[in-house]
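Line order of the protein sequences matches chains R and H. Note that the working numbering has the first sequence beginning at 27, numbered continuously upward. Note that the working numbering has the second sequence beginning at 627, numbered continuously upward.
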Amino acid sequence: YVRGIFKNLHGWFINCLRYLFCCFQDRAGQFFSSGHTNNWAVLVCTSRFWFNYRHVANTLSVYRSVKRLGIPDSHIVLMLADDMACNHRNPKPATVFSHKNMELNVYGDDVEVDYRGYEVTVENFLRILTGRLPPSTPRSKRLLSDDRSNILIYLTGHGGNGFLKFQDSEEISNVELADAFEQMWQKRRYNELLFIIDTCQGASMYERFYSPNLMALASSQVGEDSLSHQPDLAIGVHLMDRYTFYLLEFLEDIHPASKTNMNDLFKVCPKSQCVSTPGHRTDLFLRDPGSVLITDFFGSVRKVELTMETINLTDPIEQLESAESGELQKEMHTYADQLPVSEIIHQKPKQKDWHPPDGFILGLWTLILLVFFQTYGVKHLKHIF
Amino acid sequence: MGLLSDPNRRRALISLLTRLNTPICIVCYMAGVAWFMGLAFEPFTLRTYMSENAMGSTMVEERFPAGERALATGREFSAHKKRTGGMPVEWLMKTMQAKGLEVFTQRFSRTLPFPDENKERYMVRGTNVYGILRAPRAPRTEALVLSAPCSPGDNNNQAVGLLLGLAEYFRNQIYWAKDIIFLVNEHDLIGMQAWLEGYHHTNTTGMDWSPLQGRGGSIQAALSLELSSDIITSLDLVLEGLNGQLPNLDLANLFYAFCQKIGVLCTIQGKLQRNDWDSVSGYSHAVQTMMLMVMKQASGRPWGDHGLFLRYHIEAATIKGVNSFRQYKTDATTIGRLLEGMYRKLNNLLERLHQSYFFYLMPSLSHFVSIGYYMPAFGLLAVILLLRALDLWVQLSTPPQRTEDGVTDIEPVRGTHFKTVADLLSLLTPLVISHLTGVALYMLPIRFQEMAVEHFPVSETEAVVLTAIAVYTAGLALPHNTHRLLSGEGTEQGWRVLKLVAVLYLAVLLGCTALINFSLGFILALTLVPVAAFVTPHVPKVLSAFILVILSPACTLLFSVFFFQELQEMPISFQDGWLLFLSVISQGILDHSLYGSLVYPLITLLVYPCWLLFWNILFWN
């Protein structure tokens, strides 16, 4: 009888263990479900001039959140097109406020701006993304991501249908941006990428994406303007844009261990608060947005599990015998052809269909006709006209 | 075949033109006048709006506190002014330095060509005092100017007081990105001209001034203050400057926006805005406001100290405080806040004001008419001249009806084939004589004022003006029949050629004038175009001579004087009107020699000879 009970207990115990093991496995599964090992952020403000104070404040508030959640300065590329804190018109020098009545100074004293002033150009932005920088570029100005990096890209400024204006002198189009992301994918420069844009007609910028693992959010749809939030009368400018203001409020509640996911982020700033309709795009993203944590992109959460056990490594590491057998499996690896020139050249289509003769020949014939009529009498012309 | 190359169709078109010329001209004239009057009708105007992005809305917090102290400073200024009998230079320098500005002075002196009886000055000597508030963190590349004139008597003391109060308040702020220059100029326009010439290192009017010791960078905008009482009930904005130039409309928009924000009553041309545009009285109110602006712009004189800045591409306006015994009064602190708000917004500018219109008319402070809307009114009047010219060309081309056979091909005979030297001379002589008369009218009054004073018991000013009128009238009696000496008989062709030349000359002249100063061009066109259109040697002489004199530039000026007084609701009797007319002529001549106004040379050297040509044509036979 005791053996029976013992067997039951044993069975019960084994079931428990199995259940716990499954739990652990789930948790372990969840532990490794995101697939990224490091986080990067590229935060860009593209407009200059004092009355575009709010774009700098937008970017700096996202910078502040991202830094607070754990991404270090070495993994953040911050591009600010103009200096608002030291602008002569700033009544509070060395500060950039994001709340009126000067509640929150997002400039602080540990801001590290990587690209400043006139260095913020379309060319530099694309070079950062694709990694094609001159060898002399310092590390702080590079996006040194690998295929296990989750990258957050935030753009703000003045934009329109299909373009974003940089510095009042040039534009980046949505096609260029999509191609840059495709280059990044082919060079395995990201694991997953979150793209947020706060401009007028921002949704047009993510229309053309075609690379996998991209998720995009925009503050307004095509045809709508993104509006600014609050003016500060003492400083004399608008301090923030609406979308980023509510985004910042949302992010202030996130801490490194929070489990909020992307679906909550999509709900930030509904039309009643933002006046414009924020949009998002998830069809290129392989995971379900509900399972993607905010901290996957905005924070730099290290997956660390503390254990008190010692682990025995099974075999001492033996040196692999050198390949004296000479039977190294050689696989042929080729790089994907970035610019298939040969195909372009040889595939010029043959002109099978008829097209009218050249203008030159036409003109020549007209000349001949006119000369004919000139010599043989003008009266013939009257019959034609 | 094209319309113009088919001889049959061409003939039909030309005959249509000659038959209907007069009716079309009359219709065009009516249409031009109706278009002009319709400009003040509110549905045809646009609301004013801020065009400059950098200035944005009135989103600043004005905190100027010291209105009472400013008035006390004004009283001190007035006391010192009485004591020194002019500009209290040392007191001003000491006060400005105490407020933390960099203070400099400039001396200037000028002898007017003849005494100015309105302001009672002849040999003017004075000092300008100005203080520069340096921007705390910015390089000294740009500047803003706030000025108040130092006027004799009890005028403008409060303006200087407020200027000093604002200087003290501005000095304590750190958000200035441009230097601010606080200027107190003596002898209003003459002092301002001396300061501007010294600042920009130019000397266009022959004034004598000492060079400026301190400078601030290129001036982006300027405001001139005129406040003569402690209590203000409304603020008036004055825009018209030298030669009819206007500042950028954004400056007026900025003023209006702040007036609305702070709640001060603001006017333009001294007239309040009305909301009943669909009633007759509302419409006539708007027309009166617009006509006042047209009259002021046509006179070509600067109507405030700001008028001289415009020539240097500095947008400037004058703000006048008016005390008109209304119920609602504003105090100096509110006016100070309005100016503080305006200057904070101008501080935000990154480049000169250029986004809004430079050519406009304002039937009220919140509505404007841009050049694209008002130019067709002038265009319709200019079309009359072109139609007349075409008509004359056609008449000159058709040969006299003496050909025997039926004409098959009418070749346009070149009307300008001068078969003899006499023809050429008969055209050139009136031209030369008219222009010489014009030159005489321009030069003689000032040159011969001493001689006139010796021989006649008049003062210098009267001598100048009466000489001008005398030369003008003498021009009417000039020999205009020299062609009779040359060719014996006034040919039909001769006067046609002369009229063609005169009409085209007038068209070009009025066109150029209207581009620069639309009001002047339009008023001249209103009177001279009918003259040009109807005058021929064959109209009844006495009646048309009378009409020609009525429509001549001098009489237009006389009627404008009366009309202007009517518009300002201060009608005057004929005696006073005549004296005002004489003083207007003397002011015109003085403006030309003191500030470089172009109205006087335009009228004497170009418009008057043109009118004389028509006079010549009238008396051709």
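Virtual Cβ for every residue (Gly too), placed ideally from N, Cα, C. Everything numeric in this text was worked out from a predicted model, so none of it was measured.
Check: Interface partners of R568 (chain H) on chain R, CB under 7 Å; Outcome: With chain H represented from 627 up to 1247, any question about residue 568 (chain H) goes unanswered, as that position is not in the structure.
Check: Residue nearest to D279 (chain R) in terms of C-alpha spacing, selected from R:A120, R:L69, R:P238 and R:G325; Outcome: R:G325
Check: Test item: CB-CB of V1129 (chain H) and A1158 (chain H) under 8 Å; Outcome: yes
Check: Chain-order list of residues whose beta-carbon lies under 6 Å from that of G926 (chain H) (same chain, five-residue window excluded); Outcome: N869, G870, S1223 and V1225
Check: Cross-chain neighbours of I800 (chain H) in chain R, by beta carbon under 8 Å; Outcome: P117 and P119
Check: Opening and closing residue of the alpha helix (DSSP H) in which I888 (chain H) lies; Outcome: L875 to I888
Check: Three-way DSSP call (helix, strand, coil) for H1164 (chain H) in this model; Outcome: coil
Check: Cβ-based neighbour list, R1304 (chain H), same chain, cut-off 8 Å, excluding 5 preceding and 5 following; Outcome: Residue 1304 (chain H) falls outside the range modelled here, since chain H spans only 627 to 1247, and no answer is possible.
Check: DSSP three-state assignment for W1121 (chain H), whether helix, strand or coil; Outcome: helix
Check: Contained beta strand (DSSP E) runs [length at least 3] in the region 82-148 of chain R, N- to C-terminal order; Outcome: 102-106
Check: Touch test, the region 746-753 of chain H against the region 796-813 of chain H, Cβ-Cβ under 8 Å, three pairs minimum; Outcome: yes
Check: Any alpha helix (DSSP H) of 4 or more consecutive residues that is wholly inside the region 165-246 of chain R; Outcome: 200-212
Check: DSSP-derived helix/strand/coil call for F984 (chain H); Outcome: coil
Check: Proximity to L1238 (chain H) [Cα-Cα], best of H:L1132, H:P669 and H:M656; Outcome: H:L1132
Check: Cutoff 8 Å: R636 (chain H) Cβ touching any chain R Cβ; Outcome: no
Check: Extent of the continuous alpha helix (DSSP H) to which T944 (chain H) belongs; Outcome: No alpha helix (DSSP H) holds T944 (chain H); the beta strand (DSSP E) holding it covers E941 to V948.
Check: Status (buried if at least 16 other CB within 10 Å, exposed otherwise) for W391 (chain R); Outcome: exposed
Check: Distance between beta carbons of L274 (chain R) and L240 (chain R), contact taken as under 8 Å; Outcome: 23 Å between Cβ atoms; not a contact.
Check: Within-8 Å CB hit, N973 (chain H) to chain R; Outcome: yes
Check: Buried versus exposed call for K922 (chain H) [16 or more other C-beta atoms within 10 Å across all chains shown]; Outcome: buried
Check: S992 (chain H) vs Y882 (chain H) beta-carbon contact at 8 Å; Outcome: yes
Check: Beta-carbon neighbours of N679 (chain H), restricted to chain R and to distances below 7 Å; Outcome: F77
Check: Under 9 Å from the C-beta of A803 (chain H): neighbouring residues of chain R; Outcome: W76, N113, H114 and R115
Check: Selection from H:W1246, H:G998, H:S1060 and H:L1232 that minimises the alpha carbon distance to L665 (chain H); Outcome: H:G998
Check: Assigned exposure category for T956 (chain H) - 16 Cβ within 10 Å defines buried; Outcome: buried
Check: Length of the line joining the Cα atoms of R1040 (chain H) and V1090 (chain H); Outcome: Note that R1040 (chain H) scores 46 on pLDDT, short of 50, meaning its location in the model is unreliable; the coordinates nonetheless yield the value given after this. Answer to the nearest angstrom: the Cα atoms are 46 Å apart.
Check: Contacts that P257 (chain R) makes with chain H (C-beta to C-beta distance below 7 Å); Outcome: M685
Check: Test: D1035 (chain H) CB closer than 8 Å to a CB of chain R; Outcome: With a pLDDT of 42 at D1035 (chain H), under the threshold of 50, the predicted position of this residue should be treated as unreliable, though the coordinate-derived value follows. Closer than 8 Å: no.
Check: Touch test, the region 872-892 of chain H against the region 712-721 of chain H, Cβ-Cβ under 8 Å, three pairs minimum; Outcome: no
Check: Below-8 Å beta-carbon distance, G305 (chain R) vs any chain H residue; Outcome: no
Check: Proximity below 8 Å, CB of A206 (chain R) to CB of T156 (chain R); Outcome: yes
Check: Per-residue DSSP class, three states only, for H255 (chain R); Outcome: coil
Check: Beta-carbon spacing of R963 (chain H), I888 (chain H) below 8 Å; Outcome: yes
Check: N-terminal and C-terminal residue of the alpha helix (DSSP H) that S284 (chain R) is part of; Outcome: Looking at the DSSP string, S284 (chain R) is not in any alpha helix (DSSP H), and its letter there is neither H nor E.
Check: The region 178-191 of chain R touching the region 225-241 of chain R, judged by at least three CB pairs closer than 8 Å; Outcome: yes
Check: Any C-beta of chain H under 8 Å from that of G262 (chain R); Outcome: yes
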